[in-house]
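**Student:** Residue numbers (my numbering): 1190 to 1318.
In this text, a Cβ means the ideal position worked out from N, Cα and C, and glycines have one as well.
The model shown is predicted, which means the values in this text are computed figures rather than measured ones.
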Amino acid sequence: MARPASRYPTELELQILKLLWRHAPLSAREVQAGLADEQRELAKTSVITTLNTMVEKRYLNRRAKGNAYLFSPRISEAEVSERVLGDVVDRVFDGSMSAVVLKLLDVKSVDSDELKELRRIINRKLRDE
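#1: Whole-angstrom Cβ separation of K1261 and A1213, contact assumed at under 8 Å?
#2: When burial is assigned at 16 or more other CB atoms within 10 Å of the CB, is E1202 buried or exposed?
#3: Apart from the five residues on each side of it in sequence, which residues of its chain come closer than 7 Å, Cβ to Cβ, to V1278?
#4: Name the DSSP beta bridge partners of R1252, please?
#5: Taking the Cβ atom as the reference point for each residue, do V1269 and L1206 lie within a distance shorter than 8 Å?
#6: Alpha carbon to alpha carbon, how far is E1227 from Q1221? Give it in angstroms, no decimals.
#7: As a quick exercise: from T1242, K1305, R1218 and E1306, pick the residue whose alpha carbon is nearest that of A1257.
#8: What residues in its chain sit with their C-beta under 7 Å from that of W1210, if we drop five residues either side in the sequence?
#9: Based on Cα-Cα distance, which residue from R1309, L1215, L1293 and V1299 lies nearest to N1250?
#10: Rounding to the nearest angstrom, what Cα-Cα distance links L1208 and G1223 in this structure?
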């Protein structure tokens, strides 16, 4: 039985989306070169297959230009991050935002500028309530 489609991109799809968010539109050859620059060497056929799959999943738009296709993102970085983070918060932390933040503070070092920014965000959220 086939595995159900994920609600968010695979690791390779996310890497391709990041390239396209920065540089779209790109051809398959340009995507392949961009991946190679990031130490991800793939055959052009593999890149084309992945790009076409991403078009089917509605992650990308594709338009013809001469003998090639140009690909651009159909979904935004914000949409992807909301889906992924929402899933993690719900499945791993039972919907608890404070548990997520506490865990992040435990596993990642935070400099004083980041802590000040977090304080500003929290204060703004408190004022908005």
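**Tutor:** Taking the structure as given:
#1: As a first step, residue 1261 is located in the sequence shown; it is residue number 72 there, counting from the start. As a first step, residue 1213 is located in the sequence shown; it is residue number 24 there, counting from the start. With the sequence shown as reference, residue 1261 is identified as Ser, and Lys is not the correct amino acid for it. Right, their Cβ atoms sit about 4 Å apart.
#2: Locating residue 1202 in the sequence shown gives position 13, where the first residue counts as 1. E1202 should be labelled buried.
#3: Residue mapping note: residue 1278 aligns to position 89 of the sequence shown, counting from 1. Closer than 7 Å at the Cβ level, and outside the excluded window around V1278, lie G1284, M1286 and V1289.
#4: Working through the sequence shown from its first residue, we reach residue 1252 at position 63. In the DSSP output, where bridge partners are listed per residue, R1252 has L1259.
#5: Counted from its first residue, the sequence shown places residue 1269 at position 80. Counted from its first residue, the sequence shown places residue 1206 at position 17. Contact: yes.
#6: Position 32 of the sequence shown holds residue 1221. Position 38 of the sequence shown holds residue 1227. Approximately 10 Å, taken between the alpha carbons.
#7: Working through the sequence shown from its first residue, we reach residue 1257 at position 68. The residue with the shortest Cα to Cα distance from A1257 is R1218.
#8: The residue you call residue 1210 lines up with position 21 of the sequence shown. Cβ neighbours of W1210 beyond the five flanking positions: P1262 and E1266.
#9: The sequence position of residue 1250 within the sequence shown is 61, counting from 1. It is L1215 whose Cα lies nearest to the Cα of N1250.
#10: Against the sequence shown, residue 1208 aligns to sequence position 19. Against the sequence shown, residue 1223 aligns to sequence position 34. Whole-angstrom Cα-Cα distance: 7 Å.
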